[in-house]
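The structure appears below as structure tokens.
Residue numbers (the numbering used here): 16 to 180.
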């Protein structure tokens, strides 16, 4: 009976192998992908680790930062507020979020946000599908002046699925 049980266990492990590639992520080693006067973004779980399903980011929004009303046609986002405060408007509904609060924004949903108060807002962002890293790399390949030029700005918005309202 024991041999049969071992044989069954072995067969199960051969047909359902444990997926390789687990990984621990440490905040002090996370690569900084954006560091501007308004936002610092670190990659926690990248596109490659999630097999393109999602990206998890640490976003630090400086005091006074705001995101204009927009929507994403192909992506959803979840923001979990670790510290600070922010005001979010999603599909016309506005709330002030504090540490421990979160907001889920489905695709094609208008939304805008801004920091409030005297402290930065630190978010953990889950972005799906996992191509946020490519978005950050595209943005970083241009200077701030270039990114603000009308043609490059239009191209980046299209590629990054950022649709202003």
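Here a beta-carbon is modelled for each residue, glycine too, at the ideal position from N, C-alpha and C.
- Query: Under the DSSP definition of a beta bridge, which residues are partnered with residue 129?
  - Reply: As computed with DSSP, residue 129 is found in a beta bridge with 81, 102.
- Beta-carbon proximity check, residue 127 vs residue 112, cutoff 7 Å: Taking a C-beta distance under 7 Å as the contact criterion, residue 127 and residue 112 do not qualify as a contact pair.
- Query: Are there 16 or more other CB atoms within 10 angstroms of the CB of residue 69, so buried, or fewer, so exposed?
  - Reply: Classification for residue 69: buried.
- Message: If the criterion is Cβ atoms closer than 7 Å, does the pair residue 135 and residue 54 meet it?
- Response: No, Cβ-Cβ distance for residue 135 and residue 54 is not below 7 Å.
- From this set, 177, 67, 40, which residue's C-alpha is nearest residue 125's C-alpha? Of 177, 67, 40, the residue nearest in Cα terms is 177.
- Task: Please state if the CB of residue 145 and the CB of residue 42 are separated by a distance shorter than 7 Å.
- Result: No, the pair does not count as a contact, with Cβ atoms beyond the cut-off.
- Could you name the residues of the same chain whose beta carbon sits closer than 6 Å to that of residue 98, not counting the 5 residues immediately before and after it, in chain order? Apart from the 5 residues on each side of it in sequence, residue 98 sits with its Cβ closer than 6 Å to the Cβ of 114, 137 in its chain, given in chain order.
- Query: Distance, Cα to Cα, residue 10 vs residue 129?
  - Reply: One cannot answer for residue 10 here, as it falls past the ends of the chain, which runs 16 to 180.
- Given residue 51, which residues of its chain have a CB within under 8 Å of its CB, disregarding the five upstream and five downstream residues? Within the same chain, Cβ atoms closer than 8 Å to the Cβ of residue 51 are found at 159, the five residues on either side in sequence being excluded.
- Query: Can you tell which of 39, 40, 96, 57 has the C-alpha that lies nearest to the C-alpha of residue 148?
  - Reply: The alpha carbon of residue 148 has as its nearest neighbour, out of 39, 40, 96, 57, the alpha carbon of 57.
- Query: Using the rule of at least 16 other Cβ atoms within 10 Å of the residue's Cβ for burial, across every protein chain shown, is residue 108 buried or exposed?
  - Reply: Burial call: exposed.
- Message: Please return the same chain residues whose Cβ sits closer than 7 Å to the Cβ of residue 40, not counting the five positions on each side in sequence.
- Response: If we look at residue 40 and ignore the five residues flanking it on each side, its Cβ neighbours are 59, 60.
- Would you kindly report the start and end of the unbroken beta strand (DSSP E) that includes residue 157? For residue 157, there is no enclosing beta strand (DSSP E), as DSSP marks it with neither H nor E.
- Message: At the level of alpha carbons, what is the spacing between residue 133 and residue 80?
- Response: If I take the Cα positions, the gap works out to 11 Å.
- To the nearest angstrom, how far is it from the Cα of residue 167 to the Cα of residue 120? Near 26 Å, if we compare the C-alpha coordinates of residue 120 and residue 167.
- Query: First and last residue of the beta strand (DSSP E) that includes residue 180?
  - Reply: Counting along the chain, residue 180 sits inside no beta strand (DSSP E), nor does DSSP assign it H or E at all.
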